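Student: This structure is in structure tokens; I'll ask about it shortly.
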Amino acid sequence: MGNQKLPFNEQDVRRVLGSPEGQKILQLLNRDGGRALRQAADALRGGNAQEALRVLSPIMESDEAASLIDRLNRP
Numbered sequence: 004m005g006n007q008k009l010p011f012n013e014q015d016v017r018r019v020l021g022s023p024e025g026q027k028i029l030q031l032l033n034r035d036g037g038r039a040l041r042q043a044a045d046a047l048r049g050g051n052a053q054e055a056l057r058v059l060s061p062i063m064e065s066d067e068a069a070s071l072i073d074r075l076n077r078p
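Under this note's numbering, the first residue of the sequence shown carries the number 4, and numbering increases by one thereafter.
See below:
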């Protein structure tokens with residue numbers, strides 16, 4: 004991915020994906036059959052984090068996703 008550093012690490016990803024909230028977020032991301040998630044993954048593999056964020060933003064900015072993210076960010 005070049006020199007671009009992502010704002011999360013493997014431990015963060017494991018924690019989120021292992022949580023009930025993370026599982027619900029994955030369900031949201033897969034509502035379109037996983038198309039947006041695949042596009043974002045392809046963009047990340049190509050080193051384009053901005054494109055990945057652009058693709059996922061409409062989903063992640065929904066009220067449901069925002070609520071789940073809020074719960075994940077609570078201590």
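Here a beta-carbon is modelled for each residue, glycine too, at the ideal position from N, C-alpha and C. Quick caveat, the model's predicted, so the values are computed rather than measured.
Rounded to whole angstroms, what is the Cα-Cα separation between residue 65 and residue 41?
Tutor: Roughly 19 Å separates the two Cα atoms.
Student: State the DSSP-derived secondary structure class of residue 77, mapped to helix, strand or coil.
Tutor: If DSSP states are grouped into helix, strand and coil, residue 77 belongs with coil.
Student: Give the straight-line distance between the Cα atoms of residue 26 and residue 70, rounded to the nearest whole angstrom.
Tutor: So the two alpha carbons sit approximately 13 Å from each other.
Student: Assign residue 5 to one of two classes, buried (16 or more other C-beta atoms within 10 Å of its C-beta) or exposed (fewer than that).
Tutor: Annotation note: pLDDT 44 at residue 5 (below 50); position unreliable, coordinate value reported separately. By the neighbour-count rule (16 or more Cβ atoms within 10 Å), residue 5 is not buried but exposed.
Student: Got a sec? Which residues, its chain only, sit under 6 Å from residue 54 by beta carbon, not counting five neighbours each side?
Tutor: Here the set comprises 46.
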